Amino acid sequence: MAARGSGSADRKLAADLLEMTVMTTPFSKEVFVDFLSTSAASSVNTFQVAEHHRWDHQSVVGAVKSLQGVGAVTAEPQAHAGWKCTDEGLKVVQEGSPEAKVAADVTSNASTTQDEMISRLGKDIVQVGFGQAMKNGWIEQNNKQEKKAVGADGKKEKGPTPTFVITAAGASRVDETQQLLVSVSKHTYPDEKTLQALKKRKLIQQESTTGYVVTKLAEFESKARAQKAVAELTEQMMQTGSWAAANFKPLNFEAQGQPIPAGQLHPCLKVREHYRRIFFQMGFQEMPTNRFVESSFWNFDTLYQPQQHPARDAQDTFFCESPAEANQDLISADFFAETQKLHETGGYGSIGWRYPWSKAEALTTILRTHTTACTSRVLYKHAQKCKKLGKWKPMKCFSVDRVFRNETLDATHLAEFHQAEGFIADVGLTLGHLIGTLREFFKHIGITDLEFKPAYNPYTEPSMEIFGFHKGLNKVVEIGNSGMFRPEMIRPMGVPENVRVIAWGISLERPTMIQYGIDNIRDLVGERMDVNTLKVNPVCWFNEPDSDEEEEETVDPESNRV
44 MAARGSGSAD RKLAADLLEM TVMTTPFSKE VFVDFLSTSA ASSVNTFQVA
94 EHHRWDHQSV VGAVKSLQGV GAVTAEPQAH AGWKCTDEGL KVVQEGSPEA
144 KVAADVTSNA STTQDEMISR LGKDIVQVGF GQAMKNGWIE QNNKQEKKAV
194 GADGKKEKGP TPTFVITAAG ASRVDETQQL LVSVSKHTYP DEKTLQALKK
244 RKLIQQESTT GYVVTKLAEF ESKARAQKAV AELTEQMMQT GSWAAANFKP
294 LNFEAQGQPI PAGQLHPCLK VREHYRRIFF QMGFQEMPTN RFVESSFWNF
344 DTLYQPQQHP ARDAQDTFFC ESPAEANQDL ISADFFAETQ KLHETGGYGS
394 IGWRYPWSKA EALTTILRTH TTACTSRVLY KHAQKCKKLG KWKPMKCFSV
444 DRVFRNETLD ATHLAEFHQA EGFIADVGLT LGHLIGTLRE FFKHIGITDL
494 EFKPAYNPYT EPSMEIFGFH KGLNKVVEIG NSGMFRPEMI RPMGVPENVR
544 VIAWGISLER PTMIQYGIDN IRDLVGERMD VNTLKVNPVC WFNEPDSDEE
594 EEETVDPESN RV
């Protein structure tokens with residue numbers, strides 16, 4: 044019997060030692076494969092395996108995914124709602140609870156006051172731990188039996204400062220809070236009431252993790268212990284010939300390739316394309332804008348802008364040196380003479396500007412200050428075409444292109460910028476049509492907080508400036524100009540008397556600043572711009588133009604171009 048009992052004890056000791064060895068074996072993928080290989084169970088739970096062997100659960104999950112990748116196992120996800128220690132809870136695990144620290148301090152400093160505890164432990168620890176230590180019965184007040192003295196006036200005087208001593212329970216205390224948090228950190232949880240108490244003290248918080256139910260497949264042994272798969276074929280492998288025996292990873296044809304290092308789209312160009320799409324959706328046709336160099340005649344004179352106007356000075360306009368003069372033969376002689384007459388003596392209900400108009404000034408070449416010069420050309424050609432047809436044909440046109448102003452650079456002004464121009468020519472148009480069109484356009488680009496203020500333009504009456512709210516600057520900024528073309532501008536072109544033309548010009552950069560939250564226009568255009576801003580924008584692909592595109596600047600009713 045004794046021998047049998049001794050053998051039984053030895054077997055139990057051996058089993059315990061084996062259990063301790065298994066539970067304390069450091070984790071590695073090879074150790075995990077050995078465990079699965081010797082396990083009699085068809086499936087194992089990663090949470091249970093990690094807890095039993097005291098392995099990090101994330102390390103186990105990593106090994107499972109690696110085995111799943113080579114087809115050795117299947118892994119079915121399993122959600123697990125649990126608890127984890129907060130930063131404060133982890134501090135308690137390492138250093139002990141505040142109540143234990145208070146009890147230890149009272150043990151070392153008999154008959155101490157609460158203020159003295161604060162000076163030694165700190166206010167935060169004493170505030171939390173003092174009440175809990177009193178609640179646990181670890182400390183008690185030492186002089187609470189002392190009575191307050193009665194003064195001559197019959198009132199009780201202030202009693203002695205309370206002091207505290209350790210109790211028998213405190214002397215043999217066990218830091219249960221620390222022990223509970225150690226268990227929680229190992230995913231072993233107490234009852235719900237205790238968990239809620241720890242949560243109330245902000246020592247633990249709920250967490251949701253994903254584990255896996257792992258099932259071995261038929262070829263587990265061969266695939267799990269196979270040579271590590273090689274991801275890339277290297278030059279060294281080619282030279283040594285080791286590629287022949289290498290185990291390469293299978294190609295994943297579903298994976299996304301690396302981004303193509305193609306050109307990126309500048310935010311201004313992105314907004315420009317957006318503008319064009321909006322105009323096309325609203326039924327507009329696009330005007331040609333391929334003349335950066337323009338004559339003062341089309342840029343100023345046809346717009347009924349006097350030659351003495353400040354905008355025509357060198358302080359606002361870039362003049363060209365070569366060629367310095369435009370070819371008058373390219374301009375209709377009748378229209379040229381009618382424009383001169385209108386400036387000098389007036390017409391169509393106007394007395395004109397009454398000054399000697401200079402042909403030389405009208406033919407000076409400049410960098411166009413606005414795309415309204417393009418509008419003037421297109422409107423004149425369309426009016427002449429309708430005159431031949433004998434009836435007016437309604438027209439809606441737009442352009443988005445570059446213009447130039449000799450301006451001082453600041454947070455909202457550039458010398459070279461983009462302008463979006465649009466006009467509608469039809470019978471019976473009013474200022475209400477203009478406001479409605481502008482609101483509809485800006486609604487598409489997300490600017491709904493618009494303001495319209497009366498303004499003066501030589502070629503429009505009435506005229507309005509357009510303002511939009513800039514969130515970055517926290518103020519309203521000007522984003523465009525608008526109005527109805529004056530008879531002095533459109534009647535010499537051949538536009539009938541009953542036809543009205545509403546028009547507007549809006550900048551491209553300022554709405555782009557509003558949309559992208561940019562405070563300074565120089566951060567959008569120029570050397571100060573961050574190149575990364577371009578890289579986060581998608582590539583812009585342009586369709587090839589048709590080879591049979593007409594050269595004549597007339598309205599094509601079957602297309603979106605003029």
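In this text, residue positions in the sequence shown follow our numbering: the first is 44, and each later residue adds one. Even for Gly, the Cβ is constructed at its ideal location relative to N, Cα and C. Model, not experiment: these values are computed from the prediction.
In the DSSP assignment, H317 falls within the alpha helix (DSSP H) that extends over P310 to Q324. Between the C-alpha atoms of E183 and A240 there is a straight-line separation of about 23 Å. V519 has F512 as its beta-bridge partners, per DSSP. In terms of Cα proximity to H230, the closest of M532, M556, Q248 and R216 is Q248. Taking C-alpha positions only, N295 is separated from W126 by approximately 38 Å. E504 sits in a strand when the DSSP states are folded into three classes. Between L477 and I545, the gap from beta carbon to beta carbon is short of 7 Å. Annotated three-state conformation of D356 is coil, per DSSP. Straight across, the Cα-Cα distance linking R482 with G511 is about 11 Å.
For F484, the enclosing alpha helix (DSSP H) stretches over residues L474 to H487. Per DSSP, T206 is not a residue of any beta strand (DSSP E), being assigned neither H nor E.
In the displayed model, Q301 falls within coil according to three-state DSSP, outside both helix and strand. Its chain contains L385, H386, E387, T388 and G389 as the residues whose beta carbon lies nearer than 7 Å to that of G395, once the 5 sequence neighbours on both sides are disregarded; these appear in chain order. About 7 Å separates the beta carbon of M527 from that of L474, a gap short enough to meet the 8 Å contact definition. Within its own chain, the residues whose Cβ lies closer than 8 Å to the Cβ of P353, once the five positions on either side in sequence are excluded, are D359, listed in chain order. Apart from sequence neighbours up to five positions away, the residues of its chain that approach V76 with a beta-carbon distance below 6 Å are A267, ordered along the chain. Around the Cβ of S154, a 10 Å sphere holds fewer than 16 other Cβ atoms; the residue is exposed.
Less than 7 Å divides the Cβ of Q462 from the Cβ of T414.
Comparing alpha carbon positions, the residue from A212, N152, V171 and T253 closest to W181 is A212. Sequence-distant partners of T150 (beyond 5 residues in either direction) whose C-beta falls short of 6 Å from its own C-beta, in its chain, are I209. According to the DSSP secondary-structure assignment, C128 is paired through a beta bridge with I247. For Q462, the enclosing beta strand (DSSP E) starts and ends at E459 to V470. If only uninterrupted beta strand (DSSP E) runs of at least 3 residues are considered, those enclosed by the stretch 247 to 290 are 247 to 259. For the pair D167 and T206, the Cα-to-Cα distance works out to about 19 Å.
The secondary-structure analysis by DSSP pairs I182 across a beta bridge with I209. Around the beta carbon of T412, a 10 Å sphere encloses 16 or more other beta carbons of the protein chains shown; the residue is thus reported as buried.
Here L472 is not near R355, since their CB atoms are 7 Å or more apart.
Below 8 Å, too few C-beta pairs join the stretch 333 to 352 and the stretch 430 to 443 to call them touching: fewer than three. Our two residues, H100 and L567, have alpha carbons roughly 49 Å apart in a direct line. Secondary structure note for A426: its alpha helix (DSSP H) is the uninterrupted segment T415 to L432.
Excluding sequence positions up to five before and after G105, its CB lies less than 7 Å from no other CB in the same chain. Restricting attention to F485, W547 and G537, the CA atom closest to the CA of F441 is found in W547. Its Cα nearest to that of F335, the residue F361 stands out among Y318, Q324 and F361. With 16 or more other Cβ atoms inside 10 Å of its own Cβ, T332 counts as buried.
One alpha carbon belongs to D377, the other to S393, and they sit about 19 Å apart. In the three-state DSSP reduction, M532 falls in the helix class (H, G or I).
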